[in-house]
Amino acid sequence: MNRKELQILASLRLAEAKSLLNANLPDGAYYLAGYSVECGLKACIAKRTRLHDSPDKKIVEASHTHNLKDLVRVANLELTRLEQATKDSVFRDYWDLVQQWSEQSRYRRHNNTDAKYLVEAVGSTRHGVLRWIKQHW
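Here it is as structure tokens:
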């Protein structure tokens, strides 16, 4: 999967999450909102790979995770994330919520309130985590 495809998937998964939330289907909305962040961070990692270069094996292996905190680190965005969190307290709160997501959420039930908060944390046009990721992909 290439960077462009991951960017498209990140936006598509957020749109799907919003649709599911509007249809009162919070379980899928919650899962897909977090998955959009995962795809976005993987697009940031893909950006670090230069055309025709063999990617660093350690980076490739480390990027095969669903852990959002680890993906931020592999994307080399941890310092940038901390700077953003320092100057934008809403973003900081949103990131704190988003980083609790895991791929295991697909096996759990989520209420409308939790799904709504996660979708907002990911998709906010002013402070959202995906908006921040898009600045780096």
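For the sequence shown, our numbering assigns the number 1 to the initial residue and increments by one for each residue that follows. Ideal placement from N, C-alpha and C gives every residue a C-beta, glycine not left out. From a predicted model like this one, the values you see are computed outputs, not experimental measurements.
Item to complete: Give the range of the alpha helix (DSSP H) segment to which Tyr31 is assigned.
Response: Boundaries of the alpha helix (DSSP H) harbouring Tyr31: Pro26 to Lys47, taken from the DSSP string.
Worksheet item: Helix, strand or coil: which one does DSSP assign to Arg109?
Response: In the structure shown, Arg109 sits in coil (DSSP, three-state: anything other than H, G, I, E or B).
Worksheet item: Three or more beta-carbon pairs under 8 Å between the stretch 79-88 and the stretch 27-46, yes or no?
Response: no
Practice prompt. Check whether the stretch 28-42 touches the stretch 98-108, taking contact to mean three or more Cβ pairs, one atom from each stretch, closer than 8 Å.
Written response: yes
Worksheet item: Per the contact definition of three or more C-beta pairs closer than 8 Å, is the stretch 1-21 in contact with the stretch 120-127?
Response: yes
Worksheet item: Thinking just about the alpha-carbon of each residue, which of Arg108, Glu5, Tyr117 and Ala10 is nearest to the one in Ile133?
Response: Ala10
Worksheet item: Going by alpha carbons, who is nearest to Arg109 out of Glu5, Asn24, Lys4 and Asn67?
Response: Asn24
Worksheet item: If you draw a straight line from the C-alpha of Leu82 to the C-alpha of Arg92, how long is it?
Response: 8 Å
Worksheet entry | Buried/exposed call for Gln135, threshold 16 Cβ in 10 Å | exposed
Worksheet item: How would you label Ser19, buried or exposed, when you count the other beta carbons within 10 angstroms and need 16 or more for buried?
Response: exposed
Discussion item. Taking its Cβ as the centre, do 16 or more other Cβ atoms sit within 10 Å of Glu38, making it buried, or is it exposed?
Written reply: So Glu38 ends up on the buried side.
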